[in-house]
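Structure first, then comments.
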Amino acid sequence: MGVDIQLWRARIGLFSPRGKSKLSQSVIVIKGSSVSIAIRFALMVSLLIILSGDVESNPGPGPTLRSTASGGQKDEQPTNADLISMLRELKGDIAHLNEKMEKTEQAINKKLGTKLDDLQKNMNENYDHLTKEQKELNIKVGELESKLDNVESQSRRNNLIFKDIPEDPHETWDAAEAKIKDFISKDLGIGRDIPLERAHRLGRPSRFNRPIIVKFFSYKDREAVYRACWERKDIHGKKITEDYTVKVRRARGKLYDYARNVLKATNFRIRFNKLSVNGTTYMYSESNDSVYPLRPYPNSAAGGVSIGQYDQQQRDTSEHTQ
17 MGVDIQLWRA
27 RIGLFSPRGK
37 SKLSQSVIVI
47 KGSSVSIAIR
57 FALMVSLLII
67 LSGDVESNPG
77 PGPTLRSTAS
87 GGQKDEQPTN
97 ADLISMLREL
107 KGDIAHLNEK
117 MEKTEQAINK
127 KLGTKLDDLQ
137 KNMNENYDHL
147 TKEQKELNIK
157 VGELESKLDN
167 VESQSRRNNL
177 IFKDIPEDPH
187 ETWDAAEAKI
197 KDFISKDLGI
207 GRDIPLERAH
217 RLGRPSRFNR
227 PIIVKFFSYK
237 DREAVYRACW
247 ERKDIHGKKI
257 TEDYTVKVRR
267 ARGKLYDYAR
277 NVLKATNFRI
287 RFNKLSVNGT
297 TYMYSESNDS
307 VYPLRPYPNS
317 AAGGVSIGQY
327 DQQQRDTSEH
337 TQ
């Protein structure tokens, strides 16, 4: 059977010899009918090949089971039963791995839980031990502070503070001592000579009269001067006070407010750090910032509670309620 010349030209193209002119170009002319014939022919060949059964419509690697034997057996495609079996085996492996992971996780949690419980127990024991030591240290610190305050109070025992004594510019200690002796003899009416260890102004100079602190050689002389001041009512506003520590001054202020505002007492007496009202003695506790009466204590041999015992009892009660 002959071949159409146009189909032949469509397949191989036009041939034109190389000319001498550089401007010459090769032109391929393909008619529309030739293209249509070529496409129809290609489709017909493709359908024939597919119908023959030797070639798949979408060839490519598929899920085939190939034999590894050297003899080179035929490839076998997996069946549905094979795929289901493979899926079951994979599912079993996954379940086994999950079971192992759960057991491992449980073992780890158990060990961690035991370790955490032991750690928590040790921490609680250490906390209780530290808390107990802290309470003991607080008690010891309180006792030491009380002892130091008592020592300081003893060192101030022979002191008196004189207020509203006129002050001269550039006043010396000797001049201040002379004014105190003159005040004791003239204003207080004490005729005998009372020796003074020292006397000087307190604080920096200002436009006000600074108080004079006086230390006596004898506590008896100090008491005589102090009683004379309280007995005399016509000393022109001059005032004598005792020299107390900061702790005692704070306690006296609390006791004074308690007597005035709580007890509504008009006749009371504060001596050192104790308040006396109608035969009852009160003291101030810094541990719970309160005033308490000295009342009988069952374990006390004398029938009354000591200051240290009551103050410690109040501290323990306050810490327990907190």
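In the working numbering, the protein residues as written are 17 to 338. Backbone N, C-alpha and C fix where the C-beta goes; we use that ideal spot for every residue, glycine too. It should be emphasised that the depicted structure is a prediction, and the values quoted were computed from it without experimental measurement.
Buried or exposed, going by whether 16 or more other CB atoms sit within 10 Å of the CB of residue i?
{"i": "I256", "result": "buried"}
{"i": "L146", "result": "exposed"}
{"i": "L212", "result": "buried"}
{"i": "V157", "result": "exposed"}
{"i": "L176", "result": "buried"}
{"i": "A97", "result": "exposed"}
{"i": "F233", "result": "exposed"}
{"i": "Y272", "result": "exposed"}
{"i": "V321", "result": "Confidence at V321 is low in this model, with a pLDDT of 43, below 50, so the placement of that residue is unreliable and no value is reported for it."}
{"i": "Y143", "result": "exposed"}
{"i": "A192", "result": "buried"}
{"i": "Y235", "result": "exposed"}
{"i": "L113", "result": "exposed"}
{"i": "I55", "result": "exposed"}
{"i": "L204", "result": "buried"}
{"i": "L99", "result": "exposed"}
{"i": "L291", "result": "buried"}
Closest to residue i by CA distance: which of the options is it?
{"i": "E258", "options": "F288, D237 and S234", "result": "F288"}
{"i": "A215", "options": "P227, K236, S234 and W189", "result": "W189"}
{"i": "S201", "options": "P227, N174, V167 and R248", "result": "R248"}
{"i": "R208", "options": "V241, Y298 and V167", "result": "V241"}
{"i": "S171", "options": "T261, N277, R285 and Q150", "result": "T261"}
{"i": "S301", "options": "K270, P185 and E149", "result": "K270"}
{"i": "S222", "options": "L106, G205 and P185", "result": "P185"}
{"i": "R238", "options": "E121, K127 and I196", "result": "I196"}
{"i": "F178", "options": "F199, K151, F57 and E161", "result": "F199"}
{"i": "D305", "options": "G295, T297, T296 and K263", "result": "K263"}
For residue i, name the three-state secondary structure that DSSP assigns.
{"i": "E258", "result": "strand"}
{"i": "I177", "result": "strand"}
{"i": "E168", "result": "helix"}
{"i": "A281", "result": "coil"}
{"i": "R265", "result": "helix"}
{"i": "R287", "result": "strand"}
{"i": "T95", "result": "coil"}
Give the range of the beta strand (DSSP E) segment to which residue i is assigned.
{"i": "S303", "result": "No beta strand (DSSP E) contains S303, which DSSP labels as neither H nor E."}
{"i": "K231", "result": "I228 to F232"}
{"i": "E213", "result": "L212 to R217"}
Take residue i and list the residues in its own chain whose beta-carbon comes closer than 6 Å to its own, dropping the five residues that flank it on each side.
{"i": "C245", "result": "I256"}
{"i": "V43", "result": "Confidence is the limiting factor: at V43 the pLDDT is only 45, short of 50, which leaves the residue's position unreliable, though a coordinate-based value still follows. Closer than 6 Å at Cβ, skipping near neighbours: no residue."}
{"i": "K14", "result": "Only positions 17 to 338 of the chain appear in this structure, which leaves residue 14 out of reach."}
{"i": "P309", "result": "T296 and Y298"}
The alpha helix (DSSP H) spanning residue i covers which residue range?
{"i": "V293", "result": "Unbroken run through V293 is the beta strand (DSSP E), K290 to V293; no alpha helix (DSSP H)."}
{"i": "K236", "result": "Y235 to E247"}
{"i": "K197", "result": "W189 to D198"}
Beta-carbon within less than 7 Å of residue i's beta-carbon, same chain only, minus the 5 sequence neighbours each way: which residues are those?
{"i": "E219", "result": "According to the sequence as given, residue 219 is Gly; it is not Glu. Result list for G219: R226, in chain order."}
{"i": "I286", "result": "R268, L271 and Y272"}
{"i": "E168", "result": "T261"}
{"i": "V293", "result": "A275, L279, A281 and F284"}
{"i": "P314", "result": "Here P314 scores only 43 on pLDDT, less than 50, and its place in the model should not be relied on; the value that follows carries that caveat. Result list for P314: empty, nothing under 7 Å."}
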